[in-house]
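Note sheet for the following structure.
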Amino acid sequence: MAVHLLRMAVRIESIAHLSEIQAERMASTKGKRLFTYTRNVPRRTAELIDGGSIYWVVKRLIRVRQKIVGIEPGTNEEGRKYCAIELDPGHILLEPRQQKAFQGWRYLKPEEAPIDLPPGSTVEIDADMPPEMQAELRELGLI
3 MAVHLLRMAV
13 RIESIAHLSE
23 IQAERMASTK
33 GKRLFTYTRN
43 VPRRTAELID
53 GGSIYWVVKR
63 LIRVRQKIVG
73 IEPGTNEEGR
83 KYCAIELDPG
93 HILLEPRQQK
103 AFQGWRYLKP
113 EEAPIDLPPG
123 STVEIDADMP
133 PEMQAELREL
143 GLI
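In this text, residue positions in the sequence shown follow the working numbering: the first is 3, and each later residue adds one.
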């Protein structure tokens with residue numbers, strides 16, 4: 003069964019900004035592969051590559067996810083271990099949900115993951131909008 007990762011998108015202002023940064027990274031590798039790097043290798047690697055995604059926290063909201071394609075442990079030139087997580091470049095927008103800040107990454111159970119928005123959705127919700135207002139607007143079908 004798949005499991006997901008929850009990760010803070012540090013210094014990222016919006017989903018568009020995340021897309022822009024990742025496009026630059028893809029261009030630097032001649033568009034072949036997209037990676038995000040972390041210090042620790044997840045122990046549940048098999049579950050992550052069996053349909054798992056990284057759920058990105060942008061401005062205190064879980065807003066978008068990307069499918070995990072592969073996980074490659076490595077060691078840099080200074081002898082420090084790291085983990086390269088290969089991502090599908092496509093973004094899947096989510097029903098935004100508030101998330102407190104944390105360091106590194108956390109596992110996210112599928113049943114606890116935010117709901118995907120329908121394909122073609124382009125909703126950008128202000129991170130400062132109170133959750134109650136978001137819920138009310140969602141109930142009215144406005145977001």
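Even glycine gets a Cβ: it sits at the ideal position worked out from N, Cα and C.
- Annotated three-state conformation of arginine 108 is strand, per DSSP.
- Taking 8 Å as the upper bound for CB-CB distance, leucine 95 and valine 59 are not in contact here, some 14 Å apart.
- For histidine 6, the uninterrupted beta strand (DSSP E) run begins and ends at 6-10, by DSSP.
- The Cβ neighbour count for arginine 13, taken over all protein chains shown within 10 Å, is under 16; the residue is labelled exposed.
- In the structure shown, isoleucine 17 falls within a helical segment according to DSSP collapsed to helix, strand and coil.
- CA-CA distance, leucine 7 to alanine 48, rounds to 13 Å.
- Nearest Cα to phenylalanine 37 within the set Gly53, Arg45, Ile70: Ile70.
- Taken atom to atom, the span from the alpha-carbon of alanine 103 to that of glutamate 79 is near 31 Å.
- A straight-line Cα-Cα distance of about 23 Å links leucine 20 and proline 112.
- When the Cα atoms are used, glutamate 134 and tyrosine 109 turn out to be separated by approximately 26 Å.
- The Cβ atoms of proline 75 and lysine 83 sit closer than 8 Å to each other.
- Selection Ile23, Ala4, Val5, Met3 evaluated against alanine 11 yields Ile23 as nearest (Cα-Cα).
- In this structure, the CA atom of glutamine 101 is about 18 Å from the CA atom of leucine 119.
- Non-local beta-carbon contacts of alanine 86 in its own chain, meaning distances under 7 Å to residues more than five positions away in sequence, involve Phe37, Tyr39, Glu74, Gly76 in chain order.
- Glycine 72 places its beta carbon 8 Å or farther from that of valine 5.
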